[in-house]
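Adding 57 to a residue's 1-based position in the sequence shown gives its number in the working numbering. All residues carry an ideal CB built from backbone N, CA and C; glycine is no exception. This one's a predicted model, so the numbers in the text were calculated from it and none came from an experiment.
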Amino acid sequence: MTEVNRKIHVMGINSYKFEDLSFKLQNLFLETENIAVPNLYFEEIKSWSENSLLKKKSFFSSKSNNEIINWLRCQKTDVILISRGDPLWFGIGRILLENFSKDELSFYPSNTCIQLAFSKLKIPWQDTFNVSIHGRDSTKLVEALKARPSSLSIITDSNNKSLEIIKENLSELNLIDFYDFWLCEEIGFDKENIRKLNLKKSLPSDISSLNIVVLTKTKKNYSNDNLPLFGISDHIFKTFDDRPNLFTKREVRVQILADLELPKNGVIWDIGAGCGSIGLEALKLRPDLDLFCFDKRIGSKALILENSKRLSVKPKFIFEEDIINTLNTRNLNSFEKPNRLIIGGCDKKTKLQIIKKMAAGMSIGDIIVIPIIDIQTIKELKEELADKNFKTNLNLIQSYKSLSIAEGIRLEPNNPVFLLKGKK
């Protein structure tokens, strides 16, 4: 790059009042002739020069990043570029660093709109996921929503129907009831407005183009009265906070429940139960079944108990221990032998040990279902079931979910899962 003897002062603001600037930045503004301002708030900043600021100013109204970059390259003396919040936080700072040397640039950040919004909401934000869909597609937003963080901030874009896209993505991912939706308009400015929207209703018509969205996990009491008979939405189940996607998704769960051919009475074992989504929904469908849940993860028992309350069902036993330890050290004669057995959440060796240990005690018509994501394990598991007189069949469950984007919709695949079923 050609060396230049001028500075580009990138000044972040969070109000349109000149007196809200620090004295240092006020003096910098007074001493600098050439000022670039985004078109969106050009008139407000230009008015600073008209309010007894004596030195003549030359203002440039920028409508795009390309325009501002070209204008800056033409300047031979120091300039100020007005930005909002922190220019290096989802702002123009990254673009400037790609086009000018670090020696040319000086940054003066103010509070970000997100920081101000959380201060107004009186919510800690150190663990918040921050996403921008300003001039970007919603891929990062969808990834963040799937992680189900406790709070999520979204920088929007009034030109690409951002609010409609956020609303649609929440609905498509069954998260409408999972989050409170806070619309924060003109944060830090005179017309600041914060309101919680009900996304089951139409969006308001009087929304400022300067807005951001904050999503906070709702505190809700779940009622069994509102649950469907079959195919319970994923968001109903409480999961591990650090692994929110560690459970069997609805599309796969409904097929497993169908493959189990649930009897009115009998015993079902859910091994690798996680948060209990499969076994508990089975119990909701067939309340007279005896459900045994097994999972070695610390905290799984508390999760299963919580989800039992949400579905208004009651497992007979919940074991928070390694299933191999259970099979090798407990007196299985005191257990009710399963008529239906789900084997998930463990490696191939463990699955094979479970089949060898349990299959002999199962009766004609009893069923084992094994969800599998590793194709290399299928052959041995299938052979082991066949050796124990189970007739087997294998299905690949591959589903796609439609997700709204600025241009319309796209189909996003869920992870493929093989379902190995054995019926004795």
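Would you mind working out which of the options sits nearest residue i, comparing C-alpha positions?
{"i": "Glu101", "options": "Leu87, Asp345 and Phe75", "result": "Phe75"}
{"i": "Ile293", "options": "Asp327, Phe246 and Leu337", "result": "Leu337"}
{"i": "Lys277", "options": "Leu348, Leu409, Tyr98 and Lys295", "result": "Lys295"}
{"i": "Asp135", "options": "Leu286, Glu464, Asp160 and Leu317", "result": "Asp160"}
{"i": "Lys413", "options": "Ile381, Phe186 and Asp298", "result": "Ile381"}
{"i": "Leu173", "options": "Glu249, Asp298 and Ile411", "result": "Glu249"}
{"i": "Gly422", "options": "Leu145, Thr273, Ser106 and Pro395", "result": "Pro395"}
{"i": "Pro473", "options": "Gly402, Lys306 and Asp194", "result": "Lys306"}
{"i": "Arg367", "options": "Ile289, Thr386 and Leu409", "result": "Ile289"}
{"i": "Pro55", "options": "Ser195, Lys341, Ile125 and Glu441", "result": "Nothing can be reported for residue 55: it is not among the residues displayed for the chain, which extend from 58 to 481."}
{"i": "Ile222", "options": "Leu348, Ala443, Leu260 and Gly245", "result": "Leu260"}
{"i": "Leu254", "options": "Phe246, Glu242 and Asp247", "result": "Glu242"}
{"i": "Lys445", "options": "Asp298, Lys481, Glu229 and Ile432", "result": "Lys481"}
{"i": "Leu389", "options": "Gly418, Ile126 and Ser115", "result": "Gly418"}
{"i": "Leu453", "options": "Glu469, Val309 and Ser79", "result": "Val309"}
{"i": "Lys120", "options": "Lys103, Pro95, Ala359 and Ile126", "result": "Pro95"}
Pull up the CB-CB distance for residue i and residue j, whole angstroms please, since I reckon it's below 8 Å.
{"i": "Ile211", "j": "Ile180", "result": "Not quite, the Cβ-Cβ distance comes to about 15 Å (not below 8 Å), so this is no contact."}
{"i": "Gly148", "j": "Ser140", "result": "5 Å"}
{"i": "Thr213", "j": "Tyr236", "result": "That pair is no contact at about 15 Å."}
{"i": "Leu460", "j": "Val199", "result": "6 Å"}
{"i": "Asn91", "j": "Ser115", "result": "5 Å"}
Report the three-state DSSP secondary structure of residue i (helix, strand or coil).
{"i": "Cys403", "result": "coil"}
{"i": "His66", "result": "strand"}
{"i": "Tyr98", "result": "helix"}
{"i": "Glu469", "result": "strand"}
{"i": "Cys350", "result": "strand"}
{"i": "Met58", "result": "Residue placement at Met58 is poorly supported in this model, since its pLDDT is 45, which falls under 50; the coordinates still yield a value, given next. DSSP places Met58 in coil when its eight states are reduced to three."}
{"i": "Lys253", "result": "strand"}
{"i": "Leu212", "result": "Before going further, note that residue 212 is Ile rather than Leu in the sequence given. Strand at Ile212."}
{"i": "Asn450", "result": "strand"}
{"i": "Val311", "result": "helix"}
{"i": "Val370", "result": "coil"}
{"i": "Ser92", "result": "It is Ile, not Ser, that sits at residue 92 in the sequence shown. Correct three-state label for Ile92: strand."}
{"i": "Leu340", "result": "helix"}
{"i": "Phe297", "result": "strand"}
For residue i, which residues in the same chain have their Cβ closer than 6 Å to its Cβ, ignoring the five residues on either side in sequence?
{"i": "Phe117", "result": "Ala93 and Trp128"}
{"i": "Leu256", "result": "Lys224, Ile233 and Phe238"}
{"i": "Ser357", "result": "Glu377"}
{"i": "Ile328", "result": "Phe351, Ile380 and Ile400"}
{"i": "Glu441", "result": "Leu409 and Ile412"}
{"i": "Thr185", "result": "Ser208 and Ser210"}
Following the continuous beta strand (DSSP E) through residue i, name the residue where it begins and the one where it ends.
{"i": "Glu242", "result": "Tyr236 to Glu242"}
{"i": "Phe376", "result": "Phe374 to Phe376"}
{"i": "Gly479", "result": "Val474 to Lys480"}
{"i": "Ile462", "result": "Tyr457 to Ile462"}
{"i": "Leu138", "result": "Val136 to Arg141"}
{"i": "Ile429", "result": "Ile424 to Ile429"}
{"i": "Ile325", "result": "Gly323 to Ile328"}
{"i": "Asn187", "result": "Phe186 to Ser189"}
{"i": "Ser119", "result": "Ser115 to Ser119"}
Could you please give the first and the last residue of the uninterrupted alpha helix (DSSP H) stretch that includes residue i?
{"i": "Ile264", "result": "It is not in any alpha helix (DSSP H) - Ile264 carries neither H nor E in the DSSP assignment."}
{"i": "Arg151", "result": "Gly150 to Asn156"}
{"i": "Ser167", "result": "No alpha helix (DSSP H) holds Ser167; DSSP gives it neither H nor E."}
{"i": "Val271", "result": "Where Val271 is concerned, there is no enclosing alpha helix (DSSP H), although the beta strand (DSSP E) it sits in stretches over Asn268 to Lys274."}
{"i": "Phe86", "result": "Phe80 to Glu88"}
{"i": "Asp444", "result": "Ile435 to Asp444"}
{"i": "Trp128", "result": "Asn122 to Cys131"}
{"i": "Glu221", "result": "Ser219 to Glu229"}
{"i": "Thr383", "result": "Ile380 to Thr386"}
{"i": "Leu202", "result": "Thr196 to Lys203"}
So, for residue i: in the same chain, excluding its five sequence neighbours on each side, which residues have a beta-carbon less than 8 Å away from its beta-carbon?
{"i": "Ser266", "result": "Leu97 and Ser215"}
{"i": "Gly69", "result": "Ser140, Arg141, Gly142, Asp143, Pro144, Gly148, Phe164, Tyr165, Pro166 and Ser167"}
{"i": "Leu63", "result": "Here residue 63 is Arg; the residue named in the question, Leu, does not match the sequence. Cβ neighbours of Arg63 beyond the five flanking positions: Gln132, Lys133, Thr134, Asp135, Val136 and Glu161."}
{"i": "Asn268", "result": "Thr213, Ser215, Leu220, Leu240, Cys241, Glu242 and Glu243"}
{"i": "Leu264", "result": "It should be noted that the sequence gives Ile, not Leu, for residue 264. Within the same chain, Ile264 has close Cβ partners Leu220, Leu240 and Glu242."}
If you drop the 5 nearest sequence neighbours on each side, which residues of the same chain put their C-beta closer than 7 Å to that of residue i?
{"i": "Leu477", "result": "Ile427, Ile429, Ile435, Leu438, Lys439, Thr449 and Leu451"}
{"i": "Asn187", "result": "Ile171 and Ser210"}
{"i": "Gly323", "result": "Leu346, Asn396 and Arg397"}
{"i": "Ser195", "result": "Ile222, Asn226 and Ile462"}
{"i": "Leu303", "result": "Thr296, Phe297 and Gly331"}
{"i": "Lys258", "result": "none"}
Within 9 Å of any Cβ in chain C, is that where the Cβ of residue i sits?
{"i": "Ser207", "result": "The structure shown contains no chain C, having only a single protein chain."}
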